[in-house]
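**Student:**
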Amino acid sequence: MGKTHLMQAAGNLITQRKNDAKVVYVHSERFVADMVKALQHNAINEFKRYYRSLDALLIDDIQFFSGKEHSQEEFFHTFNTLLEGQRQVVITSDRFPREISGVQERLISRFGSGLTVPIDPPELETRVAILKNKAGQKGVSLPEDVCFFVAQQIRSNVRELEGALHRIVASASFTGRTIDLDLTREALRDLLVFQERQVTIQNIQKVVAEYLRCGSQIYTPNAKTGRSPAPVKSPGRWPRNSPGMSLPEIGDPFWRQRSHHGSPPPT
-5 MGKTHLMQAA GNLITQRKND AKVVYVHSER FVADMVKALQ HNAINEFKRY
45 YRSLDALLID DIQFFSGKEH SQEEFFHTFN TLLEGQRQVV ITSDRFPREI
95 SGVQERLISR FGSGLTVPID PPELETRVAI LKNKAGQKGV SLPEDVCFFV
145 AQQIRSNVRE LEGALHRIVA SASFTGRTID LDLTREALRD LLVFQERQVT
195 IQNIQKVVAE YLRCGSQIYT PNAKTGRSPA PVKSPGRWPR NSPGMSLPEI
245 GDPFWRQRSH HGSPPPT
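This is the structure in structure tokens:
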């Protein structure tokens, strides 16, 4: 599941354990907008009281604080007040705290003092299960081949899976056709063209091979020594920043080639 879904689930759990808990989920941009509005209406004290009186503050996409000094200042004090009162603060970001630029060092330090958990994109089977569940909620039955086709194409997050499902259902409704692979490809045509332009392991391999003026053998270890050429000692690092790919999906094309030559994945 995506980070937003997990954050909202955490908020639901808090309210289940304590019915009268004051829990607020807010996007960081909304926090900034609330503060600006409070400043414009001379209501900054009310703003502070509201956010600092919560039992749990769940704030999404903290990277949007980048470059917003006044907002960072206010959030820093809100963060400290809540933690000093032994209340909960849950934040999400699209990168690790140390990788967020334009944010005060003291805030980065606060973020890093808690439990930091990376969330990889869901794997294929999970994406298929999510898609089936979302379709079931709409009363739609998706053929197995359609589910796997969509899950293989849409790798990034649950929202995009839902968006693809909406397109498929709408297309079937408008045309009066049965949902099958042909209709699915037509409904997602422009989306699939965009996906093809994304960074893929195959494209990385091709570009690097062309740059080094050698063939795909640069990814294959020497059959006798089991060693790979120096430029590709750590090929799995290249696509790590590519959105929508889990670690097993990144490693598989490389290590599968290695295993064919009797060399295990590096540790």
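Residue numbers -5 to 261, in our numbering, belong to the letters of the sequence shown in order.
Where is the CB? At the ideal position from N, CA and C, for every residue including glycine.
Alpha carbon to alpha carbon, what distance is there between G(-4) and P115?
**Tutor:** Against the sequence shown, residue 115 aligns to sequence position 121. Against the sequence shown, residue -4 aligns to sequence position 2. The straight-line gap from Cα to Cα measures roughly 7 Å.
**Student:** Closest to I102 by C-alpha separation, out of T169, T86 and F168, would be which residue?
**Tutor:** Locating residue 102 in the sequence shown gives position 108, where the first residue counts as 1. When only C-alpha atoms are compared, the closest one is T86.
**Student:** Taking 8 Å as the threshold (C-beta atoms), are L155 and I148 in contact?
**Tutor:** Residue 148 sits at position 154 when you count from the first residue of the sequence shown. Residue 155 sits at position 161 when you count from the first residue of the sequence shown. Yes, the pair counts as a contact, with Cβ atoms nearer than the cut-off.
**Student:** Helix or strand or just coil, what does DSSP make of A164?
**Tutor:** In the sequence shown, counting from the first residue as 1, residue 164 sits at position 170. Collapsing the DSSP output to three states places A164 in a helix.
**Student:** Does DSSP put T37 in a helix, in a strand, or in coil?
**Tutor:** Locating residue 37 in the sequence shown gives position 43, counting from the first residue. The amino acid at residue 37 is misidentified as Thr; the sequence shows Ala. Of the three classes helix, strand and coil, the one that applies to A37 here is coil, per DSSP.
**Student:** Only counting the same chain, and skipping five residues up and downstream in sequence, which positions put a Cβ closer than 7 Å to that of S253?
**Tutor:** Sequence index remark: in the sequence shown, residue 253 carries index 259 (1-based). Here the model assigns S253 a pLDDT of 49, short of 50, so the residue's position is not dependable, and the following value carries that caveat. Cβ neighbours of S253 beyond the five flanking positions: none.
**Student:** List the endpoints of the continuous alpha helix (DSSP H) containing I124.
**Tutor:** In the sequence shown, residue 124 corresponds to position 130, counting from 1. Its alpha helix (DSSP H) spans residues L118 to Q131.
**Student:** Give me the Cα-Cα distance between D28 and F41, rounded to the nearest whole angstrom.
**Tutor:** Here residue 28 corresponds to residue number 34 of the sequence shown, with the count starting at 1. Here residue 41 corresponds to residue number 47 of the sequence shown, with the count starting at 1. Answer to the nearest angstrom: the Cα atoms are 8 Å apart.
**Student:** So, under 8 Å CB-CB, F25 and I53 are touching, yes? Tell me the CB distance rounded to an integer number of Å.
**Tutor:** Numbered from its first residue, the sequence shown carries residue 25 at position 31. Numbered from its first residue, the sequence shown carries residue 53 at position 59. The Cβ separation is near 6 Å, so the contact holds.
**Student:** Taking 8 Å as the cut-off, decide whether the C-beta atoms of A145 and L159 are in contact.
**Tutor:** Here the question's residue 145 lines up with position 151 in the sequence shown. Here the question's residue 159 lines up with position 165 in the sequence shown. No, they are not a contact pair.
**Student:** What does the alpha-carbon distance come out to for the pair H35 and E93?
**Tutor:** Position 41 of the sequence shown, counted from the first residue, corresponds to residue 35. Position 99 of the sequence shown, counted from the first residue, corresponds to residue 93. In a straight line, the C-alpha of H35 is about 35 Å away from that of E93.
**Student:** Ignore the nearest five residues each way along the sequence and tell me which others in K12's own chain have a CB closer than 6 Å to its CB.
**Tutor:** Locating residue 12 in the sequence shown gives position 18, counting from the first residue. Hits under 6 Å: none found.
**Student:** Among E67, Q57 and T75, which residue has its Cα nearest to the Cα of Y44?
**Tutor:** As a working note, residue 44 is residue 50 in the sequence shown. That would be T75, whose Cα lies nearest to the Cα of Y44.
**Student:** In whole angstroms, what separates the C-alpha of P91 from that of E78?
**Tutor:** Here residue 91 refers to the residue found at position 97 when the sequence shown is read from its first residue. Here residue 78 refers to the residue found at position 84 when the sequence shown is read from its first residue. If I take the Cα positions, the gap works out to 21 Å.
**Student:** With a CB to CB cut of under 7 Å and the five nearest residues on each side skipped, what residues in its chain are close to V134?
**Tutor:** Position 140 of the sequence shown, counted from the first residue, corresponds to residue 134. Excluding residues within five positions, the ones whose Cβ falls inside 7 Å are V163.
**Student:** On the three-state DSSP scale, how would you describe I56?
**Tutor:** The residue you call residue 56 lines up with position 62 of the sequence shown. I56 falls in the helix class under three-state DSSP.
**Student:** With a cut-off of 8 Å on the beta carbons, I'd call R81 and L48 a contact; round off their distance for me.
**Tutor:** For the purposes of this step, residue 81 is taken as the residue at position 87 of the sequence shown. For the purposes of this step, residue 48 is taken as the residue at position 54 of the sequence shown. Indeed they touch by this definition, with Cβ atoms about 7 Å apart.
**Student:** Within 10 Å of its beta-carbon, does S167 have 16 or more other beta-carbons around it, so buried, or fewer, so exposed?
**Tutor:** Within the sequence shown, numbered from 1, the residue matching residue 167 stands at position 173. It is exposed - the Cβ of S167 has fewer than 16 other Cβ atoms within 10 Å.
**Student:** In chain order, what are the residue ranges of uninterrupted alpha helix (DSSP H) at least 4 long that sit wholly in the segment 48 to 117?
**Tutor:** 63 to 78 and 99 to 106
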